[in-house]
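Student: Structure below; questions to follow.
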Amino acid sequence: MVFMIPVVLKNLFSRCATRPYPQSPRKLFAGSRGQLVNDAGKCILCGTCARTCPSQCLTVSRKEGLWQYEPFACVFCGVCVEACPTGSLSQLSQWRPAVRERESVVLKVEVKSGEEGKRHRA
Amino acid sequence: MAGTVIPFGPQHPVLPEPLHLNLKIEDEIVISATPAFGYVHRGLEKLADIRDFRQMIQVVERVCGICSMIHALTYCQGLESLMGVEPPPRARFLRVIWSELHRLHSHLLWLGLFADAMGFESLFMQLWKVRERIMDMNEATAGNRVILSVNVIGGVRRDLDPGQTGWILSELAEVEKGIKAMGRTILHDYTVQKRTRGKGVLSREQALELGCVGPMLRSCGVAQDMRLLGYAAYGELDFAPVVERDGDCYARCRVRFAELGQSIDLIRQSIGKLPAGDISVPVKGRPEGEIVARAEQPRGECLYYIKANGGKFLDRLRIRTPTFANIPALTVMLPGIELADVPVVLLSIDPCVSCTER
C-alpha cells in the first residue's frame, strides 16, 4: 500500500478523472464508425451492400424500390460503406442512439432509369 | 467422508465470464479441480458454412472481445498465404501497430482485473484509467474501441496520417508515464507479493507437457513467442520475448507488466519505420487448399486451421485459442492451495472464456 499513497493523495487533490456523462458527452472522433445513413438520391438499389454485409442486416428489394436496414442487427463494421459503388451509404461518427422500440429503417428509393442499376449489378 | 466439493462459478464476482470449476476441498485446501465449459458457446466456426470467406473476417473478430484484431489478422494471414497475396509493407507495419495497441489494452485490463481479484481496488482503477487512453487511440485510428475491423485480405482498411502517428506517440508517452507510476506498486508492493508469490507454481516441464502458451509459458522460463516467426512486420523489428523463471502468479504478473513496455517500444519502432505506399492490394479469386495460421495474442499462441475448396464458403474453420491451451494448467496449479487463493490463481492464466468456447 505504501507505494500507492502518493498516487492516492494526488488523486484526492486533482480533478475528477471521469466525465459527468449526460451533461458533458465526450467529443466524437472524426473516424468513428457510428450510425449508417443512406442517401436515397444516390442509391441505385444494386444490392452490393446487402451481399457484402456480414451480419445480413440489409435487404434490398429492387422490385418494390425498398432499401431496408436493421440497426439492431448491424455490427457497424463499415464494409457496406466501402462496397457501395455510388457512395450513397455513409457512416456518421455519432453512435446509434438508444430507443424505446426496435424499428427497422425502410427507405423508398426511386431509381430513375434501369440503365445505371444494371451496370453495377454484376 | 474425505473432501467436500465446492462449485466455483459459473457466476462468481471474480470472473468476468462464466467458467465453472468443481473444487474438491479438504480443510480449506484444494485437492483437485475440474473445469467445465459450455456457457457461452456460440458456434462461430459453424458460421463459415453460411457466410462467405470475406464476411468471416467480421465473424472471427467477434470470437474474442479483447484480442479481436489479432483474430482477424491470423485469419487474413492464413487466407493470404492460401491465395498467394503479399500485403504491402505499409499494411504490415500498420498491423503491428494495431496488434500492439491491442496487447497493451488487454494486458492493462488483465492487470486491473488481477488487482481487483486481490482486493486492490485503487490499483485496478488506476490501471483502467491508463487503459482508457489506448481505447481512445483505437477509436480515433480504427473507428471502434474494441472491434477494430481494420483487416482485409491483402492489407488493412485504414491508414494513419502523420498527425495521427504524432498523436499516438504523444499519447504513448502519457501511457508510459502512467504505467511507470504503477510499476512499483505492481512489482514491489507488500500486498501484491503476499497474494502472488509462490502461488500456483507451474514448472517448466509441466507447462510444456500441458501445452501452455504465451505469458503462461514464458513465466516458466520458455522463450516461446509466435511474433518471432516474423509475421506482419515483426521480422523487421527488434524485440526479445520476456522470460521469467519462477512460474508462479508473481512471475506471470511480471511477464505481462514487462510486455507493456515491450509493446510501447514495438509501436514506436513501427511508427519510426512506417514505409510510404499502399495499404492494401486488390485480391481476386477464391481460396483453395488448407493451411494452419499462427499469431501471438496477448494470451498466447492462436491457431487457425482453414480448409477451402475454391468456393465461396470455407470447408472448415477451426480456431484454437490461447485460453483453451492454458486451462489444463489449472488442474495442476490449483491442488494444494487455499480456497481463498483460487481467484488469484485462476485469473493469473488470463482466462478468456468467450475465446475458448467460440
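Sequence lines, in order, name chains A and B.
Using the working numbering, the first residue of the first sequence is number 57, and each one after it goes up by one.
Using the working numbering, the first residue of the second sequence is number 129, and each one after it goes up by one.
Ideal Cβ placement from N, Cα and C applies to all residues, glycine included.
(1) Are the stretch 268-281 of chain B and the stretch 125-134 of chain A touching by the rule of at least three beta carbon pairs closer than 8 Å?
(2) With a cut-off of 8 Å, does the C-beta of A:Arg152 fall near any C-beta of chain B?
(3) Give a yes or no on whether 8 Å exceeds the smallest Cβ distance from B:Asp317 to chain A.
(4) Under 7 Å between beta-carbons, which chain A residues line up against B:Lys412? List them in chain order, please.
(5) Should the stretch 162-169 of chain B be called in touch with the stretch 370-385 of chain B, which here means at least 3 C-beta pairs below 8 Å?
(6) Pull up the distance between the alpha-carbon of B:Pro135 and that of B:Ile399, whole angstroms please.
(7) Which chain A residues are close to B:Thr313, counting only those with a beta carbon under 8 Å from its beta carbon?
(8) When you compare the CB of B:Gln254 with every CB in chain A, is at least one pair closer than 8 Å?
(9) Helix, strand or coil, according to DSSP, for B:Val409 in the structure here?
(10) Between the Cα of B:Lys435 and those of B:Pro146, B:Leu147, B:Asp177, B:Val133, spot the shortest distance and give me the residue it belongs to.
(11) Starting from the beta carbon of A:Ser146, find every residue of chain B whose beta carbon is closer than 7 Å, and list them in chain order.
(12) Going by C-alpha to C-alpha distance, which of B:Pro290, B:Thr132, B:Pro138 sits closest to B:Asp155?
(13) Verify whether the separation of the beta carbon atoms of B:Ile395 and B:Leu467 is less than 8 Å.
(14) Given 8 Å as the limit, is there contact between the stretch 178-194 of chain B and the stretch 439-446 of chain B, that is, 3 or more CB pairs closer than that?
(15) If you draw a straight line from the C-alpha of A:Val155 to the C-alpha of B:Arg286, how long is it?
(16) Compare the C-beta of A:Pro110 with all C-beta atoms of chain B and state if any pair is closer than 8 Å.
(17) For the stretch 331-341 of chain B and the stretch 65-82 of chain A, state whether three or more C-beta atom pairs, one from each stretch, are separated by less than 8 Å.
(18) Restricting to Cα atoms, I'd like to know which of A:Pro127, A:Thr142, A:Thr104, A:Val63 is closest to A:Glu157.
(19) Show which residues of chain B have a CB atom less than 7 Å away from the CB atom of A:Ala73.
(20) Buried or exposed for B:Ala368, going by 16 or more other Cβ atoms inside 10 Å?
(21) Going by CA-CA distance only, name the one from B:Val460, B:Glu429, B:Asn150, B:Asp469 that's closest to B:Cys195.
(22) Counting only beta-carbon separations shorter than 8 Å, does A:Cys133 have a partner in chain B?
(23) Check each residue of the stretch 93-108 of chain A: if its Cβ is closer than 8 Å to any Cβ of chain B, include it; give the result in chain order.
(24) Taking B:Cys483 as the reference, which of B:Met263, B:Met461, B:Pro463, B:Arg448 has the closest Cα?
(25) Any residues in the stretch 231-243 of chain B with a beta carbon nearer than 7 Å to a beta carbon of chain A? Which ones, in chain order?
(26) Who are B:Lys435's beta bridge partners in DSSP?
(27) Does the beta-carbon of B:Thr162 have 16 or more other beta-carbons within 10 angstroms, so that it is buried, or is it exposed?
(28) Relative to the C-alpha of B:Val472, which candidate in B:Thr324, B:Leu222, B:Leu237 has its C-alpha closest?
(29) Any C-beta of chain A within less than 8 Å: which residues of the stretch 167-183 of chain B qualify?
(30) Taking a Cβ distance cut-off of 8 Å, strictly less, list which residues of the stretch 258-284 of chain B are near chain A, in chain order.
(31) Would you identify the three-state DSSP class for A:Asn94, choosing helix, strand or coil?
(32) Sorted by chain position, which residues of the same chain lie with C-beta nearer than 7 Å to B:Arg273's C-beta, five sequence neighbours on each side aside?
(33) Of the residues that make up the stretch 181-209 of chain B, which ones have a beta carbon closer than 9 Å to any beta carbon in chain A?
(34) When the Cα atoms are used, what is the spatial distance from B:Pro216 to B:Gly291?
(35) Per DSSP, which one or two residues make a beta bridge with A:Tyr125?
(36) Have a look at A:Pro62 and B:Thr313 and give me their C-alpha separation to the nearest angstrom.
Tutor: On the basis of the data shown:
(1) yes
(2) no
(3) yes
(4) Here the premise fails: no neighbours, minimum Cβ distance about 15 Å.
(5) no
(6) 48 Å
(7) Phe59, Met60, Val63
(8) yes
(9) coil
(10) B:Asp177
(11) Per Cβ cutoff of 7 Å: no residues; A:Ser146 is ~13 Å from chain B at best.
(12) B:Thr132
(13) no
(14) yes
(15) 31 Å
(16) yes
(17) no
(18) A:Pro127
(19) Lys257
(20) exposed
(21) B:Glu429
(22) yes
(23) Thr108
(24) B:Arg448
(25) none
(26) B:Glu418, B:Arg444
(27) exposed
(28) B:Thr324
(29) Arg179, Arg182, Gln183
(30) Asp264, Glu267, Ala268, Thr269, Ala270, Gly271, Asn272, Ile275, Ser277
(31) strand
(32) Met263, Asn266, Glu267
(33) Arg182, Gln183, Met184, Ile185, Gln186, Val187, Glu189, Arg190
(34) 22 Å
(35) A:Leu114, A:Val161
(36) 11 Å
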